[in-house]
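In the numbering used here, the protein residues as written are 519 to 920.
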């Protein structure tokens, strides 16, 4: 029912509404972390060592008290089981970061429509959350802490409910999309092109969630590999990973004519066309897909801002889309493409040998470890945090590290 998509921390995507910051008694305050946030974070720190048990108990409570909700989850819960609690804890951890958190929650609310989630489901989730925290946060839990969590969850759920209701007025809960081409670039990487059954509005740099007919109710995230096209087709780059049910199905089983389901677009790793700030892009493996889309987006807007793309992979053979990137470099004089293999060191380290990058907007896409190292390296190289954009808010959050 609930998922934890990986939104960016780019604050410009959020709306102007601010989350309430209180002193723990409901009195608004605007200075420093709120008392509610401090109580919530104290709880998170306590349960971090037993996060697996908290998650298991949470789902046990949810399904025992609300057996009808079980059908909204996949039969195999190995990946899905952690996502609901991770999403809630990530949101609670960022309670005082109003712009990023609001964008994150609105993304969640819109995305949950594809599961059949309704506003009536949220109280059940909140009760299970409070029940699990009460059981495992034995040292920090008291009436004041419980009240802080109730206020926090009320805020979280209302933003998600409002976003879903607004989205329902203008967009379907999901799109059907036919596979029109399947290009196997390497033994484990495929470029899959889809034709949605109705217009699919998205921006370059965003991602979709995707369900295959072979694994019902299991959704995975894939970034679009191009800017919006006049013909309405969508391209995804998919790498088959060990034990990856959806990725292996898309790479090794999908064929033209197969029909998939797409959730709404998400993420705000997009270009701000109101400025002429240069771009620094790091794409690792299939993470080059949204980077390529960003380059196309800059070109389509007629910008002449400098764009440096660092494309990393284990070996030259794994740079499966390097020919496309080099063709773009020949076409656009403002674009510089830098292939980086493991023989040259980690991708973020290679980036830091160039520069300076302090005046660039940085975009990172690829495996979590690469993004984590990249964020640290760019900050160390003088790139302000607010200029670093990626789609791993939940995974990089302290709440998710437990």
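Backbone N, C-alpha and C fix where the C-beta goes; we use that ideal spot for every residue, glycine too.
**OP:** Measure the beta-carbon distance from residue 575 to residue 653 and round it to whole angstroms, keeping in mind my assumption that it falls under 8 Å.
**Re:** Their Cβ separation, rounded to whole angstroms, is 6 Å, which keeps residue 575 and residue 653 in contact under 8 Å.
Original post:
Taking residue 835 as the reference, which of 784, 706, 817 has the closest Cα?
Top reply: Measuring from the Cα of residue 835, the nearest candidate turns out to be 706.
**OP:** Whole angstroms is fine: what's the gap from residue 525's alpha carbon to residue 801's?
**Re:** Residue placement at residue 525 is poorly supported in this model, since its pLDDT is 32, which falls under 50; the coordinates still yield a value, given next. Inter-residue distance for residue 525 and residue 801 is about 17 Å (C-alpha atoms, whole angstroms).
**OP:** Entirely within the segment 631-658 and at least 4 residues each: give me those alpha helix (DSSP H) ranges in chain order.
**Re:** Entirely contained in the segment 631-658, the alpha helix (DSSP H) runs reaching 4 residues are, in chain order, 640-654.
Subject >> Those residues which DSSP pairs with residue 799 across a bridge >> reply: According to DSSP, which records beta bridges pairwise, residue 799 is partnered with 827, 881.
Original post:
Out of 798, 822, 907, which has the shortest C-alpha to C-alpha gap to residue 869?
Top reply: Per the C-alpha coordinates, the member of 798, 822, 907 positioned closest to residue 869 is 798.
Subject >> Residue from 764, 821, 772 with nearest C-alpha to residue 792 >> reply: With respect to the C-alpha of residue 792, the residue from 764, 821, 772 having the closest C-alpha is 821.
Subject >> Exposure label - residue 818; buried when at least 16 CB within 10 Å >> reply: Exposed.
Subject >> Straight-line Cα distance separating residue 661 from residue 756 >> reply: Residue 756 and residue 661: Cα-Cα distance of roughly 48 Å.
**OP:** Mind checking who residue 887 pairs with in its DSSP beta bridge?
**Re:** None, per the DSSP bridge assignment.
**OP:** Under 8 Å by Cβ, that's how I've got residue 840 and residue 827 pegged, so tell me the actual separation to the nearest angstrom.
**Re:** 10 Å between Cβ atoms; not a contact.
Original post:
Going by alpha carbons, who is nearest to residue 606 out of 633, 588, 562, 631?
Top reply: That would be 562, whose Cα lies nearest to the Cα of residue 606.
Original post:
Of the residues 824, 831, 619, 865, which one's Cα is nearest the Cα of residue 847?
Top reply: The shortest C-alpha separation from residue 847 is found at 824.
Original post:
Quick one: what's residue 785 bridged to in DSSP?
Top reply: Residue 785 pairs with nothing; no bridge assigned.
Original post:
Since residue 860 is in the alpha helix (DSSP H), which residue starts that stretch and which ends it?
Top reply: From DSSP, residue 860 is part of no alpha helix (DSSP H); its letter is neither H nor E.
Subject >> Nearest-angstrom Cα separation, counted from residue 588 out to residue 804 >> reply: Whole-angstrom Cα-Cα distance: 33 Å.
Subject >> Start-to-end residues for the alpha helix (DSSP H) that takes in residue 671 >> reply: 661-686 is the extent of the alpha helix (DSSP H) around residue 671.
Subject >> Pick from 557, 905, 712, 744 that is closest to residue 729, judged by C-alpha positions >> reply: Per the C-alpha coordinates, the member of 557, 905, 712, 744 positioned closest to residue 729 is 712.
Subject >> residue 735, enclosing alpha helix (DSSP H) - first and last residue >> reply: Unbroken run through residue 735: none, as it is neither H nor E.
Original post:
Nearest-angstrom Cα distance between residue 900 and residue 687?
Top reply: Distance between the alpha carbons of residue 900 and residue 687 is about 43 Å.
Original post:
Which whole-angstrom value is the C-beta distance of residue 671 and residue 644, which I expect to be below 8 Å?
Top reply: So it is a contact: roughly 5 Å between Cβ atoms.
Subject >> Where residue 701 falls: helix, strand or coil (DSSP) >> reply: Per DSSP, reduced to three states, the secondary structure at residue 701 is strand.
Original post:
Do you know whose CA, among 658, 698, 873, lies nearest residue 749's CA?
Top reply: It is 698 whose Cα lies nearest to the Cα of residue 749.
Original post:
Going by the beta-carbon positions, is the gap between residue 677 and residue 620 smaller than 8 Å?
Top reply: Yes, the pair counts as a contact, with Cβ atoms nearer than the cut-off.
Subject >> Reduced DSSP category for residue 742 - H, G, I as helix; E, B as strand; rest coil >> reply: Of the three classes helix, strand and coil, the one that applies to residue 742 here is strand, per DSSP.
**OP:** Leaving aside the five residues before and after residue 675 along the sequence, list all residues of the same chain whose C-beta is less than 6 Å from its C-beta, in chain order.
**Re:** Excluding the 5 residues flanking it on each side, residue 675 has same chain C-beta neighbours closer than 6 Å at 640, in chain order.
Original post:
Whose C-alpha, out of 723, 710, 781, 556, is nearest the C-alpha of residue 693?
Top reply: Comparing Cα positions, the closest option is 781.
Original post:
Who are the Cβ neighbours of residue 882 in its own chain at under 6 Å, not counting the five residues just before and after it?
Top reply: 800, 889, 892, 908.
Subject >> Residues bridged to residue 714 (per DSSP) >> reply: Partner(s): 695.
Subject >> Where the beta strand (DSSP E) through residue 814 begins and ends >> reply: Residue 814 -> not in any beta strand (DSSP E); alpha helix (DSSP H) instead, spanning 806-818.
Original post:
Does DSSP put residue 708 in a helix, a strand or coil?
Top reply: Here residue 708 sits in strand by DSSP.
**OP:** Using alpha carbons as the reference points, say which of 704, 613, 646 lies closest to residue 666.
**Re:** Residue 613 is the option with its Cα nearest to residue 666.
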